[in-house]
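> The structure is given below, and queries will be raised subsequently.
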Amino acid sequence: MTLRNGAALACILLVIAFASTGAARSISVKGYVIDSACTFTKELKKPISAECATACAKAGSPLVILSDDGTIYLPIADNTPASGQNEKLLPFAGQRVKVKGRFFLRGGSSALVVEKIEALSGQ
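The opening position of the sequence shown corresponds to residue 17 in my numbering, with each subsequent residue numbered one higher.
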């Protein structure tokens with residue numbers, strides 16, 4: 017391997033390493049605000065009801081965003097110390113929403129710093 021090829025390989029590896037560190041990128045997602053436990057244990061595609069999602073959230077279960085493509089996004093805070101996001105999501109529990117935010121992927125888990133959330137009416 018020549019020095020030139022070695023430098024190119026090192027550059028490519030550096031880009032791959034940076035990409036896999038979870039660097040944030042902005043995305044927009046449509047889906048449901050749903051209780052995390054029901055999403056996993058019952059394999060729900062959408063919430064049973066707003067009341068059910070709200071009751072679970074008030075009992076301490078984290079709310080998540082279940083996107084139309086089936087990806088489950090864990091809403092996270094970007095400050096330290098971090099805080100739970102249920103308070104921000106509770107008004108939308110059980111509803112279909114459009115969320116804009118910064119996306120992180122790490123170890124196969126998807127997380128989203130919610131910057132804007134709005135209910136999608138009639139969907």
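Backbone N, C-alpha and C define an ideal beta-carbon position, used for all residues, glycine too.
Model, not experiment: these values are computed from the prediction.
1. Does the distance from the C-beta atom of VAL113 to that of VAL49 stay below 8 Å?
2. According to DSSP, is PRO104 helix, strand or coil?
3. Under the three-state reduction of DSSP, which class applies to SER52: helix, strand or coil?
4. Helix, strand or coil: which one does DSSP assign to GLU131?
5. How far does the beta strand (DSSP E) with LYS116 in it extend, from its first residue to its last?
6. Quick check on DSSP: helix, strand or coil for LYS61?
7. So, are the CB atoms of VAL45 and ILE81 less than 8 Å apart?
8. Residue range of the alpha helix (DSSP H) that THR70 falls in?
9. Exposed or buried, which one is ASP51 when buried takes at least 16 other CB atoms within 10 Å?
Inspection of the coordinates gives the following:
1. For VAL113 and VAL49, yes; Cβs fall inside 8 Å.
2. Reading the sequence as shown, one finds Lys at residue 104 and not Pro. In the structure shown, LYS104 sits in a helix (DSSP, three-state: H, G or I).
3. In this structure, DSSP gives SER52 a helical state, which the three-state scheme calls helix.
4. DSSP, read as helix, strand or coil, puts GLU131 in strand.
5. LYS116 -> beta strand (DSSP E) spans 112–122.
6. In the three-state scheme derived from DSSP, where H, G and I count as helix and E and B as strand, LYS61 is classed as coil.
7. Cβ atoms of VAL45 and ILE81: closer than 8 Å.
8. Per DSSP, THR70 belongs to the alpha helix (DSSP H) from 66–74.
9. Taking all protein chains in view, the Cβ of ASP51 is crowded by 16 or more other Cβ atoms within 10 Å, so the residue is classified as buried.
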